[in-house]
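Before any comments, here is the structure.
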Amino acid sequence: MVKRSDTVADLEQALAATVVFREDPDEKFWMIGETPTQTLHVRLGNFPDEELWSLYLGNDRWMDFTTPPAGWTLDISEAGWPDTARDRLPKGEFH
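The numbering used here puts the first residue of the sequence shown at 1, with every later residue one more than the last.
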């Protein structure tokens, strides 16, 4: 589950890493990926009003993108997010 206090400590390392993102079981439209040194949180945008994806950098900063970095796999299962996951909040708002 993403928190406002989460940060990306090394953006270059994160962008160069091989990461498989999976649905966050606690928050709809958020995905979690792990690098050897940090946890990354990506939000699926409300396309076309927002960019398709946004990486939460921390401190209310985002990196928006439509095409993920080459080593990233954003893998949304057929089942999607569990029914128990909390509903999406507007970008920049957190539970």
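Positions of the beta carbon are idealized from the N, C-alpha and C atoms, including for glycine. Given the structure is predicted, the values throughout are model-derived calculations rather than measurements.
For D26 against R88, the beta-carbon gap comes to about 12 angstroms, at or over 8 angstroms, which does not count as contact. The shortest CA-to-CA distance from L52 to any of D64, D60, G58 is the one to D64. In the same chain as W81, and ignoring 5 residues on each side of it, the C-beta atoms closer than 6 angstroms to its own belong to E23, K28, in chain order.
Under the three-state reduction of DSSP output, L52 falls in the coil class, being neither helix nor strand. Secondary structure of L89 (DSSP, three-state): coil.
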